[in-house]
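The block underneath contains the structure these notes are about, expressed in structure tokens.
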Ligand code: MG
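In our numbering, the protein residues as written are 257 to 492.
So this is what it looks like as structure tokens:
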């Protein structure tokens, strides 16, 4: 397989800075070698969020082994940095990280409410489950998915990287095929526009055009949060 990706990240229209960290930092391609793509969305006052997402990403990319090992390394790095610097106490981050092998076999590791989507045959599938209180309420039928999208507590995470000595990681396995498109994003995208908009806008044009069109759509919808998108095309 050949992987072709584009990266778009924007602070949005409300936030003063961008606490999301994408990986890689810029667009590129990989053929015959493993590719790693990821999104992290940091949280924590002052500089905490930026430090958390950047620290987690650096550790996760540098680590070897399974995606669970990589995110475990990220967790340890953020947790120890927060203990070292009192002004960073309590910082944490989401991370959604995909390891794409040359044969199409793919593993995704995930903690938090950033998301991975797959577009295959013009159909959008959300691959990851959000680790939020409202998504747990949706799962037990306490509130509807529509109410969850606007619920005031929708941003409250049940799991994040770096806030405790250990973190539980969701690990997903899938086999990518030519013409598949993978989209990773922070909640600044998925919280602002519908899945149907992500499918139509994110499924059109080149990876570069799609990534920036998604950012633009989230900003048009209000841009309430930092917006980060990584779009990956799978070619034979
Ligand atoms: Mg966010």
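Glycine included, C-beta positions come from ideal geometry on N, C-alpha and C.
- For residue 351, the secondary structure class from DSSP, reduced to helix, strand or coil, is strand.
- Sixteen is the threshold: when 16 or more other Cβ atoms of the shown chains lie within 10 Å of the Cβ of residue 274, as they do, the residue is buried.
- Following the DSSP letters along the chain, one finds residue 298 inside the beta strand (DSSP E) bounded by residues 291 to 299.
- Proximity to residue 392 across 291, 272 and 407 peaks at 407, based on C-alpha coordinates.
- The closest CA to that of residue 287, considering only 453, 344, 259 and 297, is found on 259.
- Taken from the Cβ of residue 481, at least one heavy atom of the ligand MG lies inside 7 Å.
- By the C-beta criterion, the stretch 439 to 458 is judged to be in contact with the stretch 373 to 383, since at least 3 inter-stretch pairs fall below 8 Å.
- The beta carbon of residue 291 sits closer than 7 Å to the beta carbons of 259 and 356 from its chain, once the five residues preceding and following it are set aside; these are given in chain order.
- When secondary structure is reduced to three states using DSSP, residue 365 falls in the strand class.
- In terms of Cα proximity to residue 413, the closest of 478, 469, 370 and 317 is 370.
- Within the same chain, and ignoring the five residues on either side of residue 326 in sequence, the residues whose Cβ sits closer than 6 Å to its Cβ are 316 and 319.
- Sequence-distant partners of residue 464 (beyond 5 residues in either direction) whose C-beta falls short of 7 Å from its own C-beta, in its chain, are 262 and 283.
- In the DSSP assignment, residue 445 falls within the alpha helix (DSSP H) that extends over 443 to 446.
- Counting only residues of its own chain and dropping the five nearest sequence neighbours on each side, residue 277 has a CB closer than 6 Å to the CB of 296, 309, 310 and 313.
- Going by DSSP, residue 287 is part of the beta strand (DSSP E) stretching over 284 to 287.
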